[in-house]
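See structure below.
In my numbering, the protein residues as written are 15 to 315.
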């Protein structure tokens, strides 16, 4: 009950006002705080690996539930295990920000393509390195005992972990409106007449509808690892493999229909068709394994 109450309070008092903002540029201070929060959390995880407080005989080991304690050597290394797909699906979410590209470009100061390219390279590169670092630190501390939300592994008596949880809360709250804004924009594009201006009342009602729906899902699901991996399996496959290939094939078809020259080869066309098939298969298998790992773990043993 406490979890549900906290979710409702944060949604009404914090998320709804942020999601109602007209411009993402107003979130710049919150975004900066979010980035700093992630960096400080990474530093904390490095410190805990080095100080051994969660190793055998460590100060916080006895304060953990049995399911959250470090586990090393209990399971063999098998990269062909179905659970590897769960990790792959989770990793895909680190780069699921394509839908925000237009807003990022529009709100970028002196928004030229070279500056946007530099921003993209810096953002994706830093995200990749930071994700790998935190994943490694979490595993070196807890091994097979690592949970989907690694901060859940750390002791409630660990004040550093408590601070990091608060910092990550700020980071998640700061990034939520960006993802929500993209969802709302696409929902409006799909449901409203083209060229018709959206009234303030309609915009507010859509915000309430979508935020309410996502909040209900949050109240029902408490396994963050499942949400991340399932979303990564579906959206990662769609954005990386399926959508770009479909756009290419559609563009090629339109050029041919208009009698324009088509610079692409038959090999390129067939390769994109294979990518679509591969993306669909990856989404089905990855999503299926994520569901099995979260609700039917005995099937993966």
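Even glycine gets a Cβ: it sits at the ideal position worked out from N, Cα and C.
query: Segment contact, 8 Å Cβ cut-off, at least three pairs: the stretch 42-56 with the stretch 125-136; result: no
query: C-beta atoms of residue 107 and residue 246 nearer than 7 Å; result: yes
query: Any 3 or more C-beta pairs closer than 8 Å across the stretch 234-246 and the stretch 297-307; result: yes
query: Anticipated Cβ contact below 8 Å, residue 99 with residue 254, distance rounded; result: So it is not a contact: roughly 15 Å between Cβ atoms.
query: Cross-strand partners of residue 152 (DSSP beta bridge); result: Paired residue(s): none; residue 152 is not in a bridge.
query: Beta-bridge pairing of residue 85 - partner residues as DSSP gives them; result: 157
query: Alpha-carbon to alpha-carbon, residue 112 and residue 176; result: 32 Å
query: Supposed close pair residue 225, residue 33 - CB separation, criterion 8 Å; result: 6 Å
query: Residue 313 versus residue 284 - alpha carbon distance; result: 36 Å
query: Own chain residues within Cβ distance below 8 Å of residue 219, not counting five before or after; result: none
query: Candidates 286, 35, 265: closest to residue 274 by CA position; result: 265
query: Local conformation of residue 30 per DSSP, three classes; result: helix
query: Simplified DSSP state of residue 64, which is helix, strand or coil; result: helix
query: Expected contact under 8 Å - CB spacing of residue 252 and residue 297 to nearest Å; result: 7 Å
query: Limits of the unbroken alpha helix (DSSP H) element including residue 282; result: 280-309
query: Supposed close pair residue 145, residue 105 - CB separation, criterion 8 Å; result: 7 Å
query: Continuous alpha helix (DSSP H) stretch holding residue 183: start and end; result: 173-205
query: Within 7 Å, strictly: CB atoms of residue 137 and residue 45; result: no
query: Alpha carbon of residue 271 to alpha carbon of residue 191, nearest angstrom; result: 40 Å
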